[in-house]
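Participant: So for the sequence shown, my numbering puts the first residue at 1188; every next one is plus one.
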Amino acid sequence: MERTTPRRWKRWLIVGVSAAALVGVGGPYVYINYIQDDPPAALSLDSPPTTPESTSGSGEQTSGSVEGAWRVGSGSQAGYRVDEVPFGQNVTAVGRTEEVTGELEIEGDSAVSGTITVDLASVTSDSDQRDGQFRGRIMNTERYPEATFELTEPADFGSAPAVNEQVTAEATGDLTIHGQTNSVTFDLTAQRTDDGFRTNGSIPLTFAGYGIDAPNFGGITVEDEGSIEFLLAFTPA
């Protein structure tokens, strides 16, 4: 029987360590760049509704003026988009929920008041581990189950759009996350539909600005800045 020499043992040890290093470095690279799906595209008015938009409420069509009270209906969604660096590889993490409620009051061509509420505990992504961290250590949804936005200044769209036409406005309001409230200003786009209208926007945020510690976990570094995306379908209240 051939005896394994110390030199041969050393050679196999080097091969084994090298292979482990390649798996440790190359494995995440291969998974992230060749196996993992691309993140969902940013929400926009071109995004199809997740469910048919509700026609409940007054049942009136929206020809002419859009003045009056509106509510968030089915087909709405909101969530986050943030860059992660798992094991040195750059990826974009996206989490969303359809559990969104709210109301909006329009006078003339301006939204004069409104409140939107998002159920944070229902936000999911493509990673159970990330979702657990989001609901637990990062957002602590047991204590802070919701995020809210309240309009504090009128958002003037200039004119009431025709069906399928888009108009834009600047929206300013109070965003409350993790028990802390900050004033935010962002661009808002609205599109008329047959039975209401849809609005879309993205609100940049810094985690530290809401008292949230750096949301790093399990060898994954998360950028301190991200954004909240939303696509809301409004029907008559």
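C-beta atoms are modelled at their ideal positions from N, C-alpha and C, and glycine is treated no differently.
1) Output the residue ranges of the alpha helix (DSSP H) runs that lie fully inside the segment 1243-1328 and measure 4 residues or longer, sorted by chain position.
2) Identify every residue that forms a DSSP beta bridge with Leu1418.
3) With distances taken from CA atoms, which of Val1305, Ala1356, Phe1384, Phe1417 is nearest Thr1363?
4) Look at the Cβ atom of Thr1376, then the Cβ atom of Thr1359, and state whether they are nearer than 9 Å.
5) Are the CB atoms of Val1281 and Arg1136 within a distance shorter than 9 Å?
6) Which one of Gly1319, Arg1324, Thr1311, Pro1235 has the shortest CA to CA distance from Ala1166?
7) Go ahead and pull the three-state DSSP assignment for Phe1336.
8) Are Leu1291 and Leu1418 close, meaning C-beta to C-beta below 9 Å?
9) What would DSSP say about Gly1396, mapped onto helix, strand or coil?
10) On a CA-only basis, which of Asp1361, Ser1389, Thr1422 is nearest Ile1415? Give me that one, please.
11) Grab the span of the beta strand (DSSP E) containing Ser1370 for me, first residue to last.
12) Please state whether the Cβ-Cβ distance between Asp1296 and Ala1347 is less than 9 Å.
13) Check whether the Cβ atoms of Leu1258 and Phe1421 sit closer than 9 Å, and answer yes or no.
14) Quick one: what's got a C-beta closer than 6 Å to Phe1226's C-beta in the same chain, skipping five residues either side?
15) Ordered along the chain, which non-local residues of its own chain (more than five positions away) have a Cβ less than 6 Å from that of Glu1412?
Facilitator: Result, derived from the coordinates:
1) 1315-1320
2) The residue labelled residue 1418 in the question sits at position 231 within the sequence shown. In DSSP, Leu1418 forms a bridge with Gln1264, Asn1387.
3) For this step, residue 1363 is matched to residue 176 along the sequence shown. Cα-wise, what sits closest to Thr1363 is Val1305.
4) Residue 1376 sits at position 189 when you count from the first residue of the sequence shown. Residue 1359 sits at position 172 when you count from the first residue of the sequence shown. No, these two residues do not count as a Cβ contact at 9 Å.
5) With the chain covering only 1188 through 1424, there is no way to say anything about residue 1136.
6) Only positions 1188 to 1424 of the chain appear in this structure, which leaves residue 1166 out of reach.
7) By one-based count along the sequence shown, residue 1336 stands at place 149. Residue state, collapsed to three classes: strand.
8) By 1-based counting over the sequence shown, the position of residue 1291 is 104. By 1-based counting over the sequence shown, the position of residue 1418 is 231. Contact: no.
9) The residue you call residue 1396 lines up with position 209 of the sequence shown. Residue state, collapsed to three classes: helix.
10) If you number the sequence shown from 1, residue 1415 lands on position 228. Of the listed residues, the one whose Cα sits closest to Ile1415 is Ser1389.
11) Your numbering for residue 1370 matches position 183 in the sequence shown. Looking at the DSSP string, the run of the beta strand (DSSP E) that includes Ser1370 is 1367-1379.
12) Reading the sequence shown from its first residue, position 109 is the one you call residue 1296. Reading the sequence shown from its first residue, position 160 is the one you call residue 1347. Yes, the pair counts as a contact, with Cβ atoms nearer than the cut-off.
13) For this step, residue 1258 is matched to residue 71 along the sequence shown. For this step, residue 1421 is matched to residue 234 along the sequence shown. Checking the displayed sequence, the identity of residue 1258 turns out to be Arg instead of Leu. Yes. Within cutoff.
14) The residue labelled residue 1226 in the question sits at position 39 within the sequence shown. According to the sequence shown, residue 1226 is Pro rather than Phe. Closer than 6 Å at Cβ, skipping near neighbours: Thr1279, Val1281.
15) The count along the sequence shown starts at 1 and reaches residue 1412 at position 225. Closer than 6 Å at the Cβ level, and outside the excluded window around Glu1412, lie Thr1393.
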